[in-house]
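The structure under discussion appears below in the form of structure tokens.
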Amino acid sequence: MRIGELAARSGLTASRIRFYEASGLISTVERGANNYREYTRDAVMLLEIITSAQNAGFSLEEIRRLMPPKFDARLDARHHDELLVALKRKAAEIETLRERLAESLERLHAVIETIETRPEGLSCEDNAKRVMSSFQQGATAPKTKRTSRKKLS
Numbered sequence: 001m002r003i004g005e006l007a008a009r010s011g012l013t014a015s016r017i018r019f020y021e022a023s024g025l026i027s028t029v030e031r032g033a034n035n036y037r038e039y040t041r042d043a044v045m046l047l048e049i050i051t052s053a054q055n056a057g058f059s060l061e062e063i064r065r066l067m068p069p070k071f072d073a074r075l076d077a078r079h080h081d082e083l084l085v086a087l088k089r090k091a092a093e094i095e096t097l098r099e100r101l102a103e104s105l106e107r108l109h110a111v112i113e114t115i116e117t118r119p120e121g122l123s124c125e126d127n128a129k130r131v132m133s134s135f136q137q138g139a140t141a142p143k144t145k146r147t148s149r150k151k152l153s
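Following the UniProt record's numbering, the numbering of the sequence shown begins with 1 at its first residue and continues without gaps.
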């Protein structure tokens, strides 16, 4: 199939497909007598894998290393094991990132709560100092489980 049909089937632009080809992610491209690119049926599946891997946080370089040299929608046992190890490693990286984001979110909620609970009559300048002091102490304080609190109106 030509690049226009592949683009329509995959939902990607022709320029994105050419970029993947130039990046070495797509190697199943033949050139016809008219010098047009001709893609195999496996190219649609390959593009779906590339897109899914990018959405999962894999870089193009990581994807390139994981893809077999000649993609034909079949994996041998060796490649299967390498892929499984890489997927588990990426899952662990994402879990670590999720933990860091949860900690950051917890700190932000604490700062917001400190700002919202400004004592009556405290100037903005003094409140800013209070918030910064609380924020700095929070960075060194032991982590505690935050319980959700409903704000009373």
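Backbone N, C-alpha and C define an ideal beta-carbon position, used for all residues, glycine too.
Y36 and R2 have their C-alpha atoms roughly 7 Å apart. Classified as buried, M67 has 16 or more neighbouring CB atoms from the shown chains inside 10 Å of its CB. When the beta-carbon positions are compared, A56 and K90 come within less than 8 Å of each other. Contact between the segment 77 to 86 and the segment 36 to 47 is absent, with fewer than three C-beta pairs closer than 8 Å. For Y20, the uninterrupted alpha helix (DSSP H) segment begins and ends at 14 to 22. In the DSSP assignment, R31 falls outside any alpha helix (DSSP H) and lies within the beta strand (DSSP E) extending over 29 to 31. Counting only residues of its own chain and dropping the five nearest sequence neighbours on each side, T13 has a CB closer than 8 Å to the CB of A7. Annotation: the continuous beta strand (DSSP E) that includes E38 extends over 37 to 39. A buried status is given to A53, since no fewer than 16 other beta-carbon atoms sit within 10 Å of its beta-carbon.
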